[in-house]
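First up is the structure itself, then whatever we jot down about it.
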Amino acid sequence: MKHFLKLLLVVILTTVSVVRVYGNSDTSAILDSLVEKGVLTEQEAIDTKKLASAPVVSSSPAQRIRFLQFWHVRYQHMIQDDHDGVSFDKGNFALRRIVPVFLADITENTRYMLTLYLPSSSVINTMRLTHDVDTEYLKGSFWVAHEAMFFCMEEFESGTRIMTPDRSIINMYFGDGDHNYSAGEKRKYTSTLGFSGYHTGVSWHGRYHKNENIIYRVQIVNSKPQRIDFDGANGIAVFATLGYNRGGNYDYTRWGINFGYSSRVVSAISGSTLPSKVRDYGDCVGINPYFWWSNTKFTLQSEFVLASAKYGATLNDENPLYTTKSPRASPWAYYILTAYKFDINPFGELEPLFRYTYMNTDGRGVNEGSVLYCAENMGGLYNKVDSFYVGTNWYLQGNNIKYQLGIEYARFRDAPSGLDDRKSDVLMFILQMQLFF
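Residues in the sequence shown are numbered from 22 upward in steps of one, following my numbering.
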(Lines of atoms letter the chains of each structure in order from A; the text may use other names.)
(Lines give C-alpha, C1' and ligand atoms only; values in the text may rest on other atoms or scores of the structure.)
Protein backbone atom coordinates (compact mmCIF):
# COMPACT_ATOMS: atom_id res chain seq x y z
CA MET A 22 0.00 0.00 0.00
CA LYS A 23 2.87 2.33 0.86
CA HIS A 24 4.47 1.77 -2.56
CA PHE A 25 1.14 2.51 -4.26
CA LEU A 26 0.76 5.78 -2.36
CA LYS A 27 4.31 6.78 -3.30
CA LEU A 28 3.63 6.04 -6.98
CA LEU A 29 0.38 7.99 -6.84
CA LEU A 30 2.16 10.93 -5.26
CA VAL A 31 4.84 10.90 -7.96
CA VAL A 32 2.17 10.91 -10.69
CA ILE A 33 0.28 13.78 -9.05
CA LEU A 34 3.38 15.90 -8.59
CA THR A 35 4.52 15.26 -12.14
CA THR A 36 1.11 16.21 -13.52
CA VAL A 37 1.04 19.34 -11.40
CA SER A 38 4.40 20.36 -12.77
CA VAL A 39 3.51 19.65 -16.41
CA VAL A 40 0.23 21.52 -16.50
CA ARG A 41 1.45 24.17 -14.04
CA VAL A 42 -1.73 24.11 -12.03
CA TYR A 43 0.00 25.46 -9.00
CA GLY A 44 1.70 28.23 -10.91
CA ASN A 45 4.63 29.34 -8.74
CA SER A 46 4.34 26.57 -6.10
CA ASP A 47 7.71 25.33 -4.88
CA THR A 48 7.69 21.63 -5.72
CA SER A 49 11.16 21.20 -4.23
CA ALA A 50 10.02 22.48 -0.83
CA ILE A 51 7.07 20.09 -0.82
CA LEU A 52 9.32 17.13 -1.57
CA ASP A 53 11.81 18.14 1.14
CA SER A 54 8.98 18.29 3.65
CA LEU A 55 7.81 14.79 2.67
CA VAL A 56 11.36 13.45 3.13
CA GLU A 57 11.51 14.95 6.63
CA LYS A 58 8.24 13.22 7.53
CA GLY A 59 9.45 9.87 6.21
CA VAL A 60 6.93 9.59 3.39
CA LEU A 61 9.67 9.60 0.74
CA THR A 62 13.31 8.66 0.84
CA GLU A 63 15.90 11.22 -0.24
CA GLN A 64 16.61 9.30 -3.47
CA GLU A 65 12.89 9.11 -4.31
CA ALA A 66 12.62 12.87 -3.85
CA ILE A 67 15.61 13.44 -6.16
CA ASP A 68 14.09 11.15 -8.82
CA THR A 69 10.73 12.91 -8.55
CA LYS A 70 12.36 16.35 -8.95
CA LYS A 71 14.08 15.18 -12.12
CA LEU A 72 10.86 13.77 -13.52
CA ALA A 73 8.79 16.84 -12.62
CA SER A 74 11.30 19.27 -14.10
CA ALA A 75 11.82 17.36 -17.35
CA PRO A 76 10.67 19.34 -20.38
CA VAL A 77 7.38 18.23 -21.89
CA VAL A 78 7.67 17.66 -25.62
CA SER A 79 4.38 18.46 -27.31
CA SER A 80 3.88 16.24 -30.29
CA SER A 81 2.50 17.63 -33.49
CA PRO A 82 -1.20 17.02 -34.15
CA ALA A 83 -1.78 13.36 -34.88
CA GLN A 84 -2.40 12.48 -38.46
CA ARG A 85 -5.21 9.99 -38.35
CA ILE A 86 -7.77 8.39 -40.60
CA ARG A 87 -11.22 7.38 -39.45
CA PHE A 88 -13.88 5.31 -41.14
CA LEU A 89 -17.58 5.60 -40.32
CA GLN A 90 -20.68 4.35 -42.04
CA PHE A 91 -24.42 4.28 -41.65
CA TRP A 92 -27.06 2.03 -43.16
CA HIS A 93 -30.74 2.67 -43.73
CA VAL A 94 -32.68 -0.58 -44.15
CA ARG A 95 -36.33 -0.07 -45.05
CA TYR A 96 -39.67 -1.71 -45.63
CA GLN A 97 -42.02 0.50 -47.63
CA HIS A 98 -45.58 -0.13 -48.77
CA MET A 99 -47.10 2.29 -51.28
CA ILE A 100 -50.61 2.82 -52.61
CA GLN A 101 -51.20 5.21 -55.54
CA ASP A 102 -54.38 6.40 -57.27
CA ASP A 103 -54.57 8.85 -60.17
CA HIS A 104 -57.26 10.96 -61.86
CA ASP A 105 -58.08 8.23 -64.40
CA GLY A 106 -58.95 5.75 -61.66
CA VAL A 107 -55.73 3.78 -62.10
CA SER A 108 -54.41 2.25 -58.87
CA PHE A 109 -51.00 0.91 -57.99
CA ASP A 110 -50.06 -1.06 -54.90
CA LYS A 111 -46.61 -2.38 -53.98
CA GLY A 112 -44.42 -3.15 -51.00
CA ASN A 113 -40.77 -4.02 -50.74
CA PHE A 114 -37.69 -4.22 -48.56
CA ALA A 115 -34.75 -2.09 -49.65
CA LEU A 116 -31.31 -0.89 -48.67
CA ARG A 117 -32.28 2.77 -48.85
CA ARG A 118 -28.80 4.12 -48.15
CA ILE A 119 -25.35 2.80 -47.37
CA VAL A 120 -23.08 5.76 -46.70
CA PRO A 121 -19.40 5.08 -45.95
CA VAL A 122 -17.54 8.15 -44.62
CA PHE A 123 -13.75 8.50 -44.69
CA LEU A 124 -12.21 11.25 -42.52
CA ALA A 125 -8.55 12.23 -42.53
CA ASP A 126 -6.98 14.77 -40.16
CA ILE A 127 -4.03 15.95 -42.22
CA THR A 128 -2.89 18.66 -39.81
CA GLU A 129 -4.40 20.44 -36.84
CA ASN A 130 -6.23 22.81 -39.20
CA THR A 131 -6.65 20.76 -42.37
CA ARG A 132 -9.03 17.86 -42.91
CA TYR A 133 -10.31 15.74 -45.77
CA MET A 134 -13.66 13.97 -46.03
CA LEU A 135 -14.95 11.51 -48.62
CA THR A 136 -18.53 10.27 -48.49
CA LEU A 137 -19.92 7.60 -50.77
CA TYR A 138 -23.59 6.90 -51.45
CA LEU A 139 -24.82 3.40 -52.26
CA PRO A 140 -26.75 2.27 -54.19
CA SER A 141 -26.45 5.15 -56.66
CA SER A 142 -25.41 5.86 -60.23
CA SER A 143 -23.13 8.55 -58.78
CA VAL A 144 -21.13 6.77 -56.08
CA ILE A 145 -19.28 9.86 -54.82
CA ASN A 146 -21.56 11.89 -52.60
CA THR A 147 -19.17 14.40 -51.00
CA MET A 148 -15.47 15.22 -51.37
CA ARG A 149 -14.23 18.02 -49.14
CA LEU A 150 -10.85 19.49 -48.21
CA THR A 151 -11.13 22.09 -45.45
CA HIS A 152 -8.60 24.43 -43.88
CA ASP A 153 -9.45 26.38 -40.73
CA VAL A 154 -8.42 30.02 -40.34
CA ASP A 155 -8.41 31.68 -36.92
CA THR A 156 -6.92 35.17 -36.76
CA GLU A 157 -7.91 38.31 -34.93
CA TYR A 158 -10.26 39.50 -37.67
CA LEU A 159 -10.80 36.44 -39.87
CA LYS A 160 -12.35 33.25 -38.53
CA GLY A 161 -13.76 30.38 -40.51
CA SER A 162 -12.91 27.62 -42.97
CA PHE A 163 -11.88 27.52 -46.60
CA TRP A 164 -13.34 24.56 -48.51
CA VAL A 165 -12.54 22.93 -51.83
CA ALA A 166 -15.33 20.46 -52.37
CA HIS A 167 -17.95 18.59 -54.29
CA GLU A 168 -20.91 18.71 -51.93
CA ALA A 169 -24.42 19.95 -51.21
CA MET A 170 -24.97 23.68 -51.31
CA PHE A 171 -26.25 25.60 -48.31
CA PHE A 172 -29.61 26.07 -50.01
CA CYS A 173 -32.42 23.87 -48.69
CA MET A 174 -30.86 23.29 -45.29
CA GLU A 175 -32.36 19.81 -44.92
CA GLU A 176 -30.04 18.56 -47.65
CA PHE A 177 -26.91 19.57 -45.76
CA GLU A 178 -28.03 17.93 -42.51
CA SER A 179 -26.30 14.60 -41.91
CA GLY A 180 -28.25 11.54 -43.01
CA THR A 181 -27.84 10.17 -39.49
CA ARG A 182 -29.74 13.13 -38.00
CA ILE A 183 -32.55 13.80 -40.47
CA MET A 184 -35.83 13.66 -38.60
CA THR A 185 -37.81 11.62 -41.14
CA PRO A 186 -36.90 8.60 -43.30
CA ASP A 187 -36.58 10.92 -46.30
CA ARG A 188 -36.03 14.64 -46.55
CA SER A 189 -38.98 16.71 -47.76
CA ILE A 190 -39.99 16.80 -51.43
CA ILE A 191 -38.47 20.31 -51.58
CA ASN A 192 -34.94 18.89 -51.55
CA MET A 193 -35.49 16.51 -54.43
CA TYR A 194 -37.31 19.11 -56.49
CA PHE A 195 -34.95 22.07 -56.16
CA GLY A 196 -31.76 20.06 -55.77
CA ASP A 197 -31.82 17.14 -58.19
CA GLY A 198 -29.66 17.49 -61.29
CA ASP A 199 -30.33 18.28 -64.94
CA HIS A 200 -29.76 14.80 -66.31
CA ASN A 201 -29.69 13.22 -69.77
CA TYR A 202 -27.45 15.62 -71.66
CA SER A 203 -23.93 15.66 -73.03
CA ALA A 204 -21.98 17.74 -75.54
CA GLY A 205 -24.86 20.17 -75.86
CA GLU A 206 -27.46 17.53 -76.75
CA LYS A 207 -30.57 16.95 -74.67
CA ARG A 208 -31.95 13.42 -74.67
CA LYS A 209 -34.70 13.59 -72.06
CA TYR A 210 -36.14 16.02 -69.52
CA THR A 211 -36.92 15.48 -65.85
CA SER A 212 -39.29 17.77 -63.99
CA THR A 213 -36.99 18.62 -61.07
CA LEU A 214 -35.40 22.07 -61.23
CA GLY A 215 -31.79 21.06 -60.57
CA PHE A 216 -30.73 24.34 -58.96
CA SER A 217 -29.13 23.60 -55.59
CA GLY A 218 -27.91 20.02 -55.42
CA TYR A 219 -24.31 18.79 -55.19
CA HIS A 220 -21.84 21.13 -56.92
CA THR A 221 -18.07 21.38 -57.33
CA GLY A 222 -16.07 24.46 -56.39
CA VAL A 223 -14.62 26.56 -53.58
CA SER A 224 -16.23 28.27 -50.62
CA TRP A 225 -15.58 30.32 -47.51
CA HIS A 226 -17.54 29.61 -44.31
CA GLY A 227 -16.92 32.48 -41.94
CA ARG A 228 -17.82 33.60 -38.44
CA TYR A 229 -17.98 37.23 -37.40
CA HIS A 230 -14.97 37.81 -35.13
CA LYS A 231 -16.91 39.89 -32.58
CA ASN A 232 -19.78 37.39 -32.32
CA GLU A 233 -18.98 33.93 -33.66
CA ASN A 234 -22.66 32.93 -33.65
CA ILE A 235 -23.11 35.23 -36.65
CA ILE A 236 -22.13 33.29 -39.77
CA TYR A 237 -21.67 34.07 -43.44
CA ARG A 238 -20.81 31.93 -46.46
CA VAL A 239 -19.84 32.40 -50.09
CA GLN A 240 -19.74 29.41 -52.45
CA ILE A 241 -18.53 29.61 -56.07
CA VAL A 242 -19.27 26.39 -57.92
CA ASN A 243 -20.33 24.87 -61.23
CA SER A 244 -23.93 25.41 -62.26
CA LYS A 245 -25.02 21.82 -62.98
CA PRO A 246 -25.77 19.80 -59.83
CA GLN A 247 -24.62 16.19 -59.57
CA ARG A 248 -21.92 16.77 -62.20
CA ILE A 249 -18.26 16.81 -61.16
CA ASP A 250 -16.93 17.35 -64.67
CA PHE A 251 -16.89 20.72 -66.43
CA ASP A 252 -18.21 20.76 -69.99
CA GLY A 253 -19.92 23.14 -72.38
CA ALA A 254 -23.26 22.81 -70.61
CA ASN A 255 -21.80 23.85 -67.27
CA GLY A 256 -21.68 27.44 -66.11
CA ILE A 257 -20.96 29.23 -62.84
CA ALA A 258 -23.16 29.42 -59.77
CA VAL A 259 -22.78 31.54 -56.64
CA PHE A 260 -24.47 30.80 -53.31
CA ALA A 261 -24.30 32.97 -50.19
CA THR A 262 -25.58 32.82 -46.62
CA LEU A 263 -26.07 35.28 -43.79
CA GLY A 264 -27.33 33.80 -40.56
CA TYR A 265 -27.11 32.98 -36.88
CA ASN A 266 -25.87 29.63 -35.60
CA ARG A 267 -25.67 28.68 -31.91
CA GLY A 268 -25.27 25.30 -30.27
CA GLY A 269 -24.41 21.82 -31.48
CA ASN A 270 -26.16 19.00 -33.26
CA TYR A 271 -29.09 18.54 -30.87
CA ASP A 272 -29.39 21.78 -28.87
CA TYR A 273 -29.31 24.64 -31.34
CA THR A 274 -30.76 27.82 -32.78
CA ARG A 275 -30.18 28.35 -36.49
CA TRP A 276 -31.78 30.97 -38.63
CA GLY A 277 -30.78 32.92 -41.67
CA ILE A 278 -31.25 33.39 -45.38
CA ASN A 279 -29.55 31.68 -48.31
CA PHE A 280 -29.22 33.20 -51.77
CA GLY A 281 -28.23 31.61 -55.05
CA TYR A 282 -27.63 32.46 -58.69
CA SER A 283 -26.77 29.97 -61.42
CA SER A 284 -25.94 30.95 -65.00
CA ARG A 285 -26.98 27.66 -66.62
CA VAL A 286 -29.77 25.59 -65.11
CA VAL A 287 -32.39 24.89 -67.80
CA SER A 288 -31.08 23.29 -71.00
CA ALA A 289 -33.60 24.60 -73.55
CA ILE A 290 -34.11 23.15 -77.03
CA SER A 291 -35.82 24.93 -79.92
CA GLY A 292 -38.45 22.35 -80.91
CA SER A 293 -40.41 19.55 -79.29
CA THR A 294 -38.50 16.46 -80.43
CA LEU A 295 -35.93 14.68 -78.28
CA PRO A 296 -33.03 14.10 -78.54
CA SER A 297 -32.21 17.58 -79.79
CA LYS A 298 -29.41 20.13 -79.64
CA VAL A 299 -29.52 22.59 -76.76
CA ARG A 300 -30.14 26.08 -78.16
CA ASP A 301 -29.82 28.16 -75.01
CA TYR A 302 -29.44 27.87 -71.26
CA GLY A 303 -31.78 29.45 -68.77
CA ASP A 304 -30.36 31.03 -65.63
CA CYS A 305 -31.93 30.78 -62.19
CA VAL A 306 -32.00 32.86 -59.03
CA GLY A 307 -33.25 31.68 -55.64
CA ILE A 308 -33.82 32.64 -52.02
CA ASN A 309 -34.20 30.37 -48.98
CA PRO A 310 -34.98 31.76 -45.49
CA TYR A 311 -34.90 29.13 -42.73
CA PHE A 312 -35.45 28.71 -39.00
CA TRP A 313 -34.37 25.67 -36.97
CA TRP A 314 -34.59 25.41 -33.19
CA SER A 315 -34.16 22.56 -30.70
CA ASN A 316 -33.61 22.23 -26.95
CA THR A 317 -32.82 18.46 -27.18
CA LYS A 318 -36.48 17.64 -26.47
CA PHE A 319 -38.66 19.89 -28.62
CA THR A 320 -37.66 20.57 -32.23
CA LEU A 321 -39.05 23.06 -34.73
CA GLN A 322 -37.78 23.31 -38.31
CA SER A 323 -39.10 25.39 -41.18
CA GLU A 324 -37.89 26.62 -44.56
CA PHE A 325 -39.22 28.61 -47.50
CA VAL A 326 -37.76 28.28 -50.99
CA LEU A 327 -38.39 30.48 -54.04
CA ALA A 328 -36.53 30.13 -57.34
CA SER A 329 -37.08 31.79 -60.70
CA ALA A 330 -35.78 30.02 -63.82
CA LYS A 331 -35.62 31.25 -67.42
CA TYR A 332 -37.29 28.76 -69.80
CA GLY A 333 -38.58 27.09 -66.65
CA ALA A 334 -42.22 26.35 -67.55
CA THR A 335 -43.10 23.15 -69.38
CA LEU A 336 -44.90 23.33 -72.74
CA ASN A 337 -46.39 19.87 -72.30
CA ASP A 338 -48.70 18.73 -69.50
CA GLU A 339 -47.84 15.06 -70.01
CA ASN A 340 -44.03 15.09 -70.29
CA PRO A 341 -41.48 17.73 -69.26
CA LEU A 342 -40.55 19.95 -72.22
CA TYR A 343 -38.52 23.14 -71.82
CA THR A 344 -37.74 25.09 -74.97
CA THR A 345 -36.60 28.57 -75.91
CA LYS A 346 -40.33 29.41 -76.12
CA SER A 347 -41.00 28.38 -72.52
CA PRO A 348 -41.88 31.28 -70.20
CA ARG A 349 -40.05 31.87 -66.93
CA ALA A 350 -41.27 29.77 -64.00
CA SER A 351 -40.94 30.69 -60.32
CA PRO A 352 -41.63 27.56 -58.25
CA TRP A 353 -41.91 28.02 -54.49
CA ALA A 354 -42.37 25.76 -51.50
CA TYR A 355 -42.20 25.55 -47.73
CA TYR A 356 -42.33 22.98 -44.96
CA ILE A 357 -42.77 22.99 -41.21
CA LEU A 358 -41.72 20.16 -38.90
CA THR A 359 -42.35 19.72 -35.19
CA ALA A 360 -41.16 16.93 -32.90
CA TYR A 361 -40.95 16.13 -29.21
CA LYS A 362 -38.56 13.58 -27.68
CA PHE A 363 -39.12 11.88 -24.33
CA ASP A 364 -37.31 9.18 -22.36
CA ILE A 365 -38.61 5.64 -22.03
CA ASN A 366 -35.63 4.34 -20.03
CA PRO A 367 -34.22 1.74 -20.17
CA PHE A 368 -35.52 1.47 -23.73
CA GLY A 369 -34.10 4.69 -25.14
CA GLU A 370 -36.19 7.62 -26.37
CA LEU A 371 -39.33 8.12 -28.45
CA GLU A 372 -39.89 11.13 -30.70
CA PRO A 373 -43.32 11.66 -32.31
CA LEU A 374 -43.21 14.19 -35.14
CA PHE A 375 -45.24 15.85 -37.86
CA ARG A 376 -44.21 17.54 -41.11
CA TYR A 377 -46.29 19.43 -43.66
CA THR A 378 -44.90 20.44 -47.05
CA TYR A 379 -46.47 22.52 -49.79
CA MET A 380 -45.05 23.13 -53.26
CA ASN A 381 -46.28 25.18 -56.22
CA THR A 382 -44.23 24.67 -59.40
CA ASP A 383 -45.67 27.73 -61.18
CA GLY A 384 -46.09 25.87 -64.47
CA ARG A 385 -42.87 23.86 -64.41
CA GLY A 386 -44.61 20.65 -63.36
CA VAL A 387 -43.62 17.68 -61.23
CA ASN A 388 -44.38 13.98 -61.25
CA GLU A 389 -44.54 11.53 -58.39
CA GLY A 390 -41.36 9.58 -59.01
CA SER A 391 -39.24 12.73 -59.15
CA VAL A 392 -39.74 13.61 -55.49
CA LEU A 393 -40.93 10.45 -53.68
CA TYR A 394 -38.73 7.40 -53.24
CA CYS A 395 -39.86 4.48 -55.43
CA ALA A 396 -43.12 6.19 -56.44
CA GLU A 397 -44.53 5.43 -59.89
CA ASN A 398 -45.22 8.14 -62.44
CA MET A 399 -48.88 7.43 -63.05
CA GLY A 400 -49.02 9.70 -66.09
CA GLY A 401 -48.71 13.41 -66.66
CA LEU A 402 -47.31 16.34 -64.71
CA TYR A 403 -48.81 18.21 -61.78
CA ASN A 404 -48.48 21.81 -60.70
CA LYS A 405 -49.01 21.59 -56.92
CA VAL A 406 -48.24 19.13 -54.14
CA ASP A 407 -49.37 18.83 -50.52
CA SER A 408 -47.46 16.33 -48.39
CA PHE A 409 -48.16 15.20 -44.81
CA TYR A 410 -45.86 13.00 -42.75
CA VAL A 411 -46.76 11.62 -39.31
CA GLY A 412 -44.43 9.26 -37.52
CA THR A 413 -42.30 8.30 -34.54
CA ASN A 414 -38.57 7.88 -34.11
CA TRP A 415 -37.31 5.34 -31.59
CA TYR A 416 -33.74 6.02 -30.48
CA LEU A 417 -32.72 2.68 -29.02
CA GLN A 418 -29.07 3.77 -28.74
CA GLY A 419 -29.13 7.38 -29.87
CA ASN A 420 -28.48 7.72 -33.59
CA ASN A 421 -26.39 4.54 -33.55
CA ILE A 422 -29.51 2.38 -33.55
CA LYS A 423 -32.66 4.22 -34.58
CA TYR A 424 -36.04 3.08 -35.88
CA GLN A 425 -38.35 5.34 -37.87
CA LEU A 426 -41.99 4.44 -38.35
CA GLY A 427 -44.29 6.75 -40.28
CA ILE A 428 -46.94 7.41 -42.89
CA GLU A 429 -46.59 9.97 -45.67
CA TYR A 430 -49.51 11.11 -47.78
CA ALA A 431 -48.86 13.28 -50.83
CA ARG A 432 -51.49 14.75 -53.12
CA PHE A 433 -50.45 15.98 -56.57
CA ARG A 434 -52.99 18.17 -58.32
CA ASP A 435 -53.67 20.45 -61.31
CA ALA A 436 -51.89 20.37 -64.66
CA PRO A 437 -48.98 22.83 -65.10
CA SER A 438 -50.93 24.70 -67.79
CA GLY A 439 -53.94 25.04 -65.49
CA LEU A 440 -56.22 23.56 -68.17
CA ASP A 441 -56.74 20.18 -66.50
CA ASP A 442 -58.06 19.53 -62.99
CA ARG A 443 -56.07 16.34 -62.45
CA LYS A 444 -54.87 14.67 -59.26
CA SER A 445 -52.75 11.79 -58.01
CA ASP A 446 -52.67 10.45 -54.45
CA VAL A 447 -49.71 8.63 -52.94
CA LEU A 448 -49.86 6.91 -49.54
CA MET A 449 -46.68 5.41 -48.11
CA PHE A 450 -46.13 3.31 -44.98
CA ILE A 451 -42.44 3.36 -44.02
CA LEU A 452 -40.47 1.39 -41.43
CA GLN A 453 -36.75 2.13 -41.45
CA MET A 454 -33.84 1.05 -39.27
CA GLN A 455 -30.63 3.08 -38.98
CA LEU A 456 -27.30 1.55 -38.01
CA PHE A 457 -24.43 3.97 -37.45
CA PHE A 458 -20.99 2.62 -36.62
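Even for Gly, the Cβ is constructed at its ideal location relative to N, Cα and C.
{"Asked": "Could you please give the first and the last residue of the uninterrupted alpha helix (DSSP H) stretch that includes S17?", "Found": "This structure leaves residue 17 out entirely; the chain is present only between 22 and 458."}
{"Asked": "To test your reading of the DSSP string, which unbroken alpha helix (DSSP H) runs of 4 or more residues are found completely within the region 231 to 281?", "Found": "none"}
{"Asked": "So the candidates are P437, C395, G427; which of them puts its Cα closest to the Cα of V406?", "Found": "P437"}
{"Asked": "Mapping the DSSP letters down to three states, classify P194 as helix, strand or coil.", "Found": "Rather than Pro, the amino acid found at residue 194 in this sequence is Tyr. Y194: helix per DSSP, three-state reduction."}
{"Asked": "Starting from F177, trace the alpha helix (DSSP H) both ways and give me its first and last residue.", "Found": "174 to 177"}
{"Asked": "In three-state terms, what does DSSP make of C305?", "Found": "strand"}
{"Asked": "Since G412 is in the beta strand (DSSP E), which residue starts that stretch and which ends it?", "Found": "405 to 418"}
{"Asked": "Helix, strand or coil, according to DSSP, for I428 in the structure here?", "Found": "strand"}
{"Asked": "If you follow the beta strand (DSSP E) that M477 is part of, which residue opens it and which one closes it?", "Found": "This structure leaves residue 477 out entirely; the chain is present only between 22 and 458."}
{"Asked": "Within its chain, find whatever has a CB closer than 6 Å to the CB of L150; leave out the 5 residues flanking it on each side and keep chain order.", "Found": "Y133, V165"}
{"Asked": "Note the first and the last residue of the continuous beta strand (DSSP E) segment covering R118.", "Found": "108 to 126"}
{"Asked": "Just checking my contact of F312 with Y355 at CB under 8 Å: how many whole Å lie between their CB atoms?", "Found": "Not really, about 11 Å apart at Cβ, beyond 8 Å."}
{"Asked": "Pull up the CB-CB distance for I278 and N309, whole angstroms please, since I reckon it's below 8 Å.", "Found": "7 Å"}
{"Asked": "Give me the residue from V447, K444, L393 with the minimum Cα distance to P186.", "Found": "L393"}
{"Asked": "For V286, count the other beta carbons within 10 Å of its own beta carbon; 16 or more makes it buried, fewer makes it exposed. Which is it?", "Found": "buried"}
{"Asked": "Does the CB of S284 have a neighbour CB from chain D at under 8 Å?", "Found": "This model lacks chain D altogether, as it is built from one protein chain only."}
{"Asked": "Whole angstroms is fine: what's the gap from G333's alpha carbon to T262's?", "Found": "25 Å"}
{"Asked": "D395 to H98, Cα distance in whole Å?", "Found": "Going by the sequence as given, residue 395 is Cys instead of Asp. Each residue's Cα considered, the two are about 10 Å apart."}
{"Asked": "Which same chain residues, not among the five before or five after N404, have their C-beta less than 6 Å away from its C-beta?", "Found": "T382, D435, P437"}
{"Asked": "Compute the beta-carbon to beta-carbon distance between G218 and Q247, rounded to the nearest angstrom, for a pair I have assumed lies under 8 Å.", "Found": "5 Å"}
{"Asked": "For G13, which option in G227, Y229, H220, S224 has the closest C-alpha, if you only look at C-alpha atoms?", "Found": "For residue 13 there is no data in the structure shown, the boundaries of the chain being 22 and 458."}
{"Asked": "Does the Cβ-Cβ distance between S445 and F458 come in under 8 Å?", "Found": "no"}
{"Asked": "Report the CB separation of M184 from T320 in whole angstroms; it is logged as a contact under 8 Å.", "Found": "7 Å"}
{"Asked": "Using the Cα positions of I422 and I236, report the straight-line distance between them to the nearest angstrom.", "Found": "32 Å"}
{"Asked": "Could you compute how far the alpha carbon of R87 sits from the alpha carbon of L137?", "Found": "14 Å"}
{"Asked": "Could you compute how far the alpha carbon of N398 sits from the alpha carbon of Q453?", "Found": "23 Å"}
{"Asked": "If you count every other CB in all the chains shown that lies within 10 Å of the CB of K331, and 16 or more means buried, which is it?", "Found": "buried"}
{"Asked": "In whole angstroms, what separates the C-alpha of W415 from that of E370?", "Found": "6 Å"}
{"Asked": "Give the secondary structure of D338 by DSSP, where H, G and I count as helix, E and B as strand, and everything else as coil.", "Found": "coil"}
{"Asked": "Could you tell me which of F195, M148, Y265, F280 sits nearest to G222, measuring between CA atoms?", "Found": "M148"}
{"Asked": "How would you write the range of the beta strand (DSSP E) that M454 sits in, first residue to last?", "Found": "444 to 457"}
{"Asked": "How big is the Cα-Cα spacing for M170 and F280?", "Found": "10 Å"}
{"Asked": "What residues in its chain sit with their C-beta under 6 Å from that of L448, if we drop five residues either side in the sequence?", "Found": "I100, Y430"}
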